[in-house]
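**Student:** In the numbering used here, the protein residues as written are 88 to 158.
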């Protein structure tokens, strides 16, 4: 089954000044009663939005296509 989940932090924003690290933990099921989670092969995606204070420093040039990380 496919699921779409979201959370907007409107009333309780997550504040940061320079860096923000987010981790996603995905656990499988415990089917044999051993309390050990089975491995998953899920396709997980995430996006983050933030408000940028102006003025800001110029953005660096993007690397050429052959230097970018292949996904």
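All C-beta atoms in this analysis are idealised placements derived from N, C-alpha and C, irrespective of residue type, glycine included.
Whole angstroms is fine: what's the gap from residue 96's alpha carbon to residue 152's?
**Tutor:** Those two C-alpha atoms are separated by around 34 angstroms.
**Student:** Restricting to Cα atoms, I'd like to know which of 143, 122, 146 and 137 is closest to residue 100.
**Tutor:** Comparing Cα-Cα distances from residue 100 to each of 143, 122, 146 and 137, the minimum goes to 137.
**Student:** Anyone know if the C-beta pair for residue 117 and residue 109 falls short of 8 angstroms?
**Tutor:** Going by C-beta atoms, residue 117 is not nearer than 8 angstroms to residue 109.
**Student:** So residue 111 and residue 128 are supposed to be a Cβ contact under 8 angstroms. How far apart are they, rounded?
**Tutor:** That pair is no contact at about 14 angstroms.
**Student:** What three-state label does DSSP hand residue 152 in the structure shown?
**Tutor:** Note: residue 152 maps to helix in three-state DSSP.
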